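Student: There's a structure below that I have some questions on.
There are 2 protein chains.
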Amino acid sequence: MDETQFDWDDLRLFMAVAKHGGLAGASEESGKSAPTLGRRMLILERHLNQTLFERKNTGYDLTEQGQALMQKAMSVNNIVAPITTSAPYTEHKRVKVSAGCWTTVWLCRSLNSIAMDQPITYQFIAADEELDIPHREAVIGVRNKRVTHPSLASRRVGHVEFAVYASNAEVQPWVHVLGTTPSALWVAEHASDNAKVEVSHPRSALDLAVSGVAKAVLPRFIGDNEPGLIQVGESIPALQHDRWLVCHHDDRHLPEVRQALTFIGDALLADTTVS
Amino acid sequence: MDETQFDWDDLRLFMAVAKHGGLAGASEESGKSAPTLGRRMLILERHLNQTLFERKNTGYDLTEQGQALMQKAMSVNNIVAPITTSAPYTEHKRVKVSAGCWTTVWLCRSLNSIAMDQPITYQFIAADEELDIPHREAVIGVRNKRVTHPSLASRRVGHVEFAVYASNAEVQPWVHVLGTTPSALWVAEHASDNAKVEVSHPRSALDLAVSGVAKAVLPRFIGDNEPGLIQVGESIPALQHDRWLVCHHDDRHLPEVRQALTFIGDALLADTTVS
DNA sequence: AATATCCGTTTCATGGATGAAACACAGTTT
DNA sequence: AAACTGTGTTTCATCCATGAAACGGATATT
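Residue numbers (the numbering used here), protein chains in the order written: chain A, -10 to 264; chain B, -10 to 264.
Written as structure tokens, this is what we have:
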């Protein structure tokens, strides 16, 4: 075997040249220029030790060996073509966005027709733990602190405050959201031994607060925008933080990533609960 | 569809990564380094808009989508693998050599065990008209004059003389080889209206001369080495010429072409009929 | 607990694959 | 016959895909 590996893409290019009877006609379908196709056909012939074409000034004619190879190339194409055409939303690019639960709620609510008209499929991954961007668990992250990883880029997109919310000022029991988020830890520390409700999902905290059963610690961009709730007391200084939009250096020049960063940045900066 | 074409070789690389469970293990089989494989897998995932792997520090695990793709990649491999392994003499490279009829005879006789031990399949194309090296009708040509085409390289490999040969000095009829070679034209011009025999193949001229039926014009490296023939008269000055080994600039660095040039040059220079 | 090992990711210099432009050749059109 | 057109080949500047080296993280070994 030749010391270099057989490049399967040579088969794709071969098929285009054979189908169009020449280099010029194959150029558009294959995405390669005529000089490149010419060179790649020479490489293919040498690799297979076969003469695949009879070259003329008017085009490339297949030899018998070339015709035999063409059958095989078309068989390969019958497998490969559906892979590329059946890929979901082929004109859409998936962008994975990792953010805290409430930020994800905000972003979902912020999706509008302009954002939905972009050729982007947003995949929001609501998670409290940070997803691993170098390992591509997400492409974009909304973090509560700046990252200093040299391969990640970040920019500040606003500030977040938390406060206690309830349906009325007399509600006493707390909602304690399980977990290790700063707000969860804060409630665990400050909630008295009074009756409290424990929930595993932050969304349940909101439900309980609205129903009047208990009071919950919520970010103000959620609490302030929930009609059935009022803010009880001042915002909680210990829980306030900046918000950072984080992305891998390599990915941020990709068109769909650039567009997503713009949309997310704008959406987060539209939060008017803080100046 | 993404503006760039789908590179089928990404499927080959994907299959290797999936099979070995990671980049490092796939490196040797695929012929690509781990960083390159990593990048190509990202490109593939982006192109297909799918998540094919779960990336860990200990390797790449396939997702369900990745497993589905692996089945298809293996189907493609079932078609492609026989193409590359059943290519004839896969460790041999075919080298097409275009030369005149008699030069081809000389070269065939010169093949020895050393030349046959080379990983080269010689394809001698005996032709009087020059084959088109830019269009790869041949890789190496033996010509009777120097070429000045800028993309072709040439070097002189000896001198050729022609003479009349017969089984004895009394043979009168000529053998006239049809065609437009200098020797054919010479015979047409000088042969008297005496009885003559016309043949289409130069080898037939040799046969007729040996059988004593007629006399033939042959190159001395053939005539002098045929036991049943004697040279009649002096060599023919009008037909003598240098011999040139011609090759495409691009091809001559290829290992098998370099070896073939060496063998052919040595074989032609071993012709001792001229100093 | 400390060290070694393996694998993936990051950085960056480099070589080679690429394509634009020009040229050559043959066929077509006027 | 002359001009035009289409296609392949050649030339060469450019840029990008690549891999070596280094680094980071997790697991295995001692």
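The C-beta atom is built at its ideal place from N, Cα and C for all residues, glycine as well. Predicted model, so just to flag it, every value in this text is computed and none were measured.
1. Assign residue 103/A to one of two classes, buried (16 or more other C-beta atoms within 10 Å of its C-beta) or exposed (fewer than that).
2. Count the CB pairs spanning the segment 135 to 145 of chain A and the segment 255 to 262 of chain A that are closer than 8 Å, and state whether there are at least three.
3. Does the Cβ-Cβ distance between residue 114/B and residue 237/B come in under 8 Å?
4. Checking contacts by CB at 8 Å: is residue 114/A closer than that to chain B?
5. Consider the Cβ of residue 72/B: report whether some Cβ of chain A lies at a distance smaller than 8 Å.
6. Quick one: which chain A residues come within Cβ less than 8 Å of residue 220/B?
7. Tell me whether residue 227/A is buried or exposed, calling it buried when 16 or more other Cβ atoms sit within 10 Å of its Cβ.
8. Below 8 Å on the Cβ atoms is my contact criterion, and I expect residue 246/A with residue 131/A to pass it. Report the Cβ-Cβ distance as a whole number of Å.
9. Tell me the DSSP secondary structure of residue 16/B in three-state form.
10. For residue 19/B and residue 210/A, what's the separation of their Cα atoms in angstroms?
11. Jot down the residue ranges of each uninterrupted alpha helix (DSSP H) in the segment 52 to 81 of chain A, minimum 4 residues, whole runs only, in chain order.
12. Counting only Cβ pairs nearer than 8 Å, list the residues of chain B close to residue -7/A.
13. Could you check the C-alpha separation between residue 250/B and residue 42/B for me, to the nearest Å?
14. Name, please, each residue of chain B whose Cβ falls closer than 7 Å to the Cβ of residue -2/A.
15. Would you mind giving the Cβ-Cβ distance between residue 152/A and residue 222/A, rounded to the nearest angstrom? I have them listed as a contact below 8 Å.
16. Helix, strand or coil, according to DSSP, for residue -10/B in the structure here?
17. If you reduce the DSSP assignment to three classes, tell me which class residue 230/B lands in.
18. Compare the C-alpha of residue 235/B against each of 198/B, 204/B, 146/B and name the closest.
19. Tell me the rounded alpha-carbon separation between residue 143/A and residue 154/A.
20. Please name the residue or residues paired with residue 156/A in a DSSP beta bridge.
21. Note down, in chain order, every chain A residue with its Cβ under 7 Å from the Cβ of residue 68/B.
22. In whole angstroms, give me the CA-to-CA distance for residue -6/A and residue 64/B.
23. Checking contacts by CB at 8 Å: is residue 82/B closer than that to chain A?
24. Whole beta strand (DSSP E) runs in the segment 112 to 151 of chain B with 3 or more residues, listed along the chain?
25. Taking 7 Å as the cut-off, is the C-beta of residue 3/B nearer than that to any heavy atom in the ligand NAD?
26. Distance, Cα to Cα, residue 200/A vs residue 156/A?
27. What does residue 58/B reach in chain A if we use C-beta pairs closer than 8 Å?
28. Going by the CB atoms, is the gap between residue 160/B and residue 204/B shorter than 8 Å?
29. Would residue 124/B count as contacting chain A if we go by Cβ distances under 8 Å?
30. Ordered along the chain, which non-local residues of its own chain (more than five positions away) have a Cβ less than 7 Å from that of residue 53/A?
31. At which residues does the beta strand (DSSP E) containing residue 252/A begin and terminate?
32. Spatial neighbours of residue 58/B within its chain, please: C-beta separation below 7 Å, excluding the five flanking residues on both sides.
33. Looking at the C-beta of residue 247/B, does it have a partner C-beta in chain A at a distance below 8 Å?
34. Checking the sheet assignment: what are the DSSP bridge partners for residue 48/B?
35. Taking 7 Å as the limit between beta carbons, can you name the residues of its chain near residue 168/B, skipping five residues before and five after?
Tutor: In short, the structure shows the following:
1. exposed
2. no
3. no
4. Not a single CB atom of chain B sits nearer than 8 Å to the CB of residue 114/A.
5. yes
6. The premise fails here: residue 220/B is roughly 40 Å from chain A at the closest Cβ pair, so nothing lies under 8 Å.
7. exposed
8. Actually they are not in contact, since the Cβ atoms of residue 246/A and residue 131/A sit about 14 Å apart, beyond 8 Å.
9. helix
10. 51 Å
11. The qualifying runs are 53 to 74.
12. 20
13. If you take the alpha carbons of residue 250/B and residue 42/B, they lie about 50 Å apart.
14. Residues of chain B passing the Cβ test: -4, -3, -2.
15. Rounded, the Cβ-Cβ distance is 7 Å, consistent with contact.
16. Because residue -10/B carries a pLDDT of 35, less than 50, the predicted location of this residue cannot be relied on, and the following value inherits that uncertainty. Residue -10/B falls in the coil class under three-state DSSP.
17. strand
18. Per the Cα distances, 146/B.
19. If you take the alpha carbons of residue 143/A and residue 154/A, they lie about 31 Å apart.
20. Answer is none; residue 156/A lacks a bridge partner.
21. 61, 64, 65
22. Near 18 Å, if we compare the C-alpha coordinates of residue 64/B and residue -6/A.
23. yes
24. 129 to 132, 141 to 149
25. Absence of the ligand NAD from the depicted structure is noted, as is the absence of any ligand whatsoever, leaving it without description.
26. Cα to Cα, residue 200/A sits roughly 7 Å from residue 156/A.
27. 72
28. yes
29. yes
30. The beta carbon of residue 53/A lies closer than 7 Å to none in the same chain, with the five residues before and after it left out.
31. That residue, residue 252/A, is in no beta strand (DSSP E); its alpha helix (DSSP H) goes 244 to 258.
32. 3, 41
33. So no, residue 247/B is outside the interface.
34. 45/B
35. If the five residues before and after residue 168/B are omitted, its C-beta is found closer than 7 Å to the C-beta atoms of 117, all from its own chain and listed in chain order.
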